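Some notes on the structure that comes next.
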Amino acid sequence: MKARSLAPRLVAAIGISGALLLSGCTFMAPQATLNKYDPADGVGADLGDVLLRNVIAVTNEDGSVANVTFTAINTGEATKLNFSVPRGDGSKEQNSIPIPSGSTLVGERSPHIILVDDPDAIVGGLLAVTFQVGDADSQTLLAPVLDSQGRPYLDPLVP
66 MKARSLAPRL VAAIGISGAL LLSGCTFMAP QATLNKYDPA DGVGADLGDV
116 LLRNVIAVTN EDGSVANVTF TAINTGEATK LNFSVPRGDG SKEQNSIPIP
166 SGSTLVGERS PHIILVDDPD AIVGGLLAVT FQVGDADSQT LLAPVLDSQG
216 RPYLDPLVP
């Protein structure tokens with residue numbers, strides 16, 4: 066009778082031990098969902114109330130002109146977003162864009178198109194784009210420089 070009552074306990078103990086062993090690695094493994102990342106081609110930054118998302122530079126076929134495009138989400142009052150982009154000759158393209166409260170797509174249609182002649186980067190490289198909101202500190206992002214080859218979703222953004 067003792068052998069019969071011992072068998073279910075042994076099976077239960079082995080099952081519980083197996084479950085603990087198999088799930089124990091998740092307690093010590095790093096959780097990837099806690100890492101901040103940009104789930105897009107571009108990069109992003111938070112500049113106070115203005116959140117920049119998916120900042121990229123899309124070039125034409127010969128790379129002589131780049132369209133800097135991004136989404137700006139303004140959670141505060143309407144403001145201006147100042148930016149500067151380096152050119153290949155060492156000068157900078159500087160301008161500002163009004164960012165109303167809410168979301169603004171920049172680079173796809175007028176009046177918010179940022180075209181840079183002779184950008185200081187090639188396709189596959191990174192273009193240093195500096196952004197500033199109001200009097201806050203500026204932040205430089207290294208935006209990927211892309212062309213539309215193999216990426217048909219970028220066709221509307223090609224300058």
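With my numbering as the guide, the letters of the sequence shown map in order to residues 66 to 224. Quick reminder that beta carbons are idealized off the backbone N, C-alpha and C, glycines included. Please read all numbers here as calculations on a predicted model, not as lab measurements.
Legend entry - Beta-carbon proximity of L180 to N119, cut-off 7 Å: It is not a contact, given that the beta carbons lie outside the stated cut-off.
Legend entry - Test item: CB-CB of A143 and P165 under 7 Å: Less than 7 Å divides the Cβ of A143 from the Cβ of P165.
Inset, instruction - Taking V210 as the reference, give the member of S203, P163, G141, V194 with the closest Cα. - result: Ranking the options by Cα distance to V210, first place goes to V194.
Inset, instruction - Kindly list the residues whose CB is nearer than 7 Å to the CB of I187, restricted to its own chain and excluding five residues on each side of it in sequence; keep chain order. - result: Around I187, the same chain offers G128, V210 as residues with beta carbons nearer than 7 Å, after the five sequence neighbours per side are excluded.
Inset, instruction - For K145, collect the residues of the same chain with a Cβ closer than 8 Å to its Cβ; drop the 5 residues on either side in sequence, then sort them by chain order. - result: Correct list, in chain order: S161, I162, P163, I164, V198, G199.
Legend entry - For K145, the first and last residue of its enclosing beta strand (DSSP E): Where K145 is concerned, the enclosing beta strand (DSSP E) stretches over 144 to 151.
Inset, instruction - Whole angstroms is fine: what's the gap from D106's alpha carbon to R152's? - result: Looking at the two C-alpha atoms, the distance is approximately 22 Å.
Inset, instruction - Could you give the DSSP three-state label for V76: helix, strand or coil? - result: In this structure, V76 counts as helix in the three-state DSSP scheme.
Legend entry - Residue burial classification, N100 (beta-carbon count within 10 angstroms, cutoff 16): Taking a 10 Å sphere around the C-beta of N100, we find fewer than 16 other C-beta atoms and assign the residue as exposed.
Inset, instruction - Taking all protein chains shown into account, decide if G167 is buried (16 or more other Cβ within 10 angstroms of its Cβ) or exposed. - result: Here G167 is exposed, its C-beta having fewer than 16 other C-beta atoms within 10 Å.
Legend entry - Where T140 falls: helix, strand or coil (DSSP): For T140, the three-state secondary structure derived from DSSP is coil.
Legend entry - Collapsed DSSP secondary structure at G83 in the structure displayed: Three-state DSSP puts G83 in a helix.
Legend entry - Local Cβ density within 10 Å of V171, reported as buried at 16 or more and exposed below that: By the Cβ neighbour-count rule, V171 is buried, with 16 or more other Cβ atoms within 10 Å of its own.
Inset, instruction - Take the Cβ of L222 as the centre, count every other Cβ of all protein chains shown within 10 Å, and call the residue buried at 16 or more, exposed below. - result: Looking at its Cβ environment, which holds 16 or more other Cβ atoms inside 10 Å, L222 is buried.
Legend entry - Under the three-state DSSP convention, the category P217 falls into: Per DSSP, reduced to three states, the secondary structure at P217 is helical.
Inset, instruction - Would you mind giving the Cβ-Cβ distance between P184 and V150, rounded to the nearest angstrom? I have them listed as a contact below 8 Å. - result: Yes, P184 and V150 are in contact; Cβ-Cβ is about 7 Å, under 8 Å.
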